[in-house]
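*Asks:* Here's a structure for you.
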Amino acid sequence: MADDLWNELQHMVLGRDDPELFIPYNNYVGVLAKNRLSLIGRPLNPRIQNLQHVISTLPRIWGLSLRVHGRILDDMFVQFRFQSESDLASVL
Numbered sequence: 001m002a003d004d005l006w007n008e009l010q011h012m013v014l015g016r017d018d019p020e021l022f023i024p025y026n027n028y029v030g031v032l033a034k035n036r037l038s039l040i041g042r043p044l045n046p047r048i049q050n051l052q053h054v055i056s057t058l059p060r061i062w063g064l065s066l067r068v069h070g071r072i073l074d075d076m077f078v079q080f081r082f083q084s085e086s087d088l089a090s091v092l
């Protein structure tokens, strides 16, 4: 049983078939500084993990509730914007 679980984990596909996230160059230049301290994530089980719950819960777990802003980018991705580089580094 443990071997089966190990094999399933080794062969799990984590978004390799998803289309790339494309950001037009003009938009990219305009928001680079604003999003420099950002973390973009994707829940591993989006059918069960509510994105709104993810963006409200993770900053509390990290102990950064007042210093991190989370938002939903689309039906698959969330973004967290940090106020300082040390806050971002503390969750990586």
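Counting with UniProt numbering, you get residues 1 to 92 for the letters of the sequence shown.
Glycine included, each C-beta is placed from N, C-alpha and C at the ideal position.
Please name the residue or residues paired with I72 in a DSSP beta bridge.
*Replies:* In the sequence shown, counting from the first residue as 1, residue 72 sits at position 72. DSSP, once it has assigned bridges, lists V78 as partnering I72.
*Asks:* Thinking V54 and V78 are a contact (beta carbons under 8 angstroms), I'd like their distance in whole angstroms, please.
*Replies:* Translated into positions along the sequence shown, residue 54 becomes position 54. Translated into positions along the sequence shown, residue 78 becomes position 78. Yes, V54 and V78 are in contact; Cβ-Cβ is about 6 angstroms, under 8 angstroms.
*Asks:* Going by DSSP, name the residue or residues bridged to L39.
*Replies:* The count along the sequence shown starts at 1 and reaches residue 39 at position 39. L39 pairs with F80.
*Asks:* Of the residues R47, N45, P46 and H69, which one's Cα is nearest the Cα of S56?
*Replies:* Numbered from 1 along the sequence shown, position 56 holds the residue referred to as residue 56. Closest by alpha carbon: H69.
*Asks:* What first and last residue would you give for the alpha helix (DSSP H) that runs through G30?
*Replies:* To locate residue 30, count along the sequence shown from 1; it is residue 30. Element bounds for G30: Y25 to V31.
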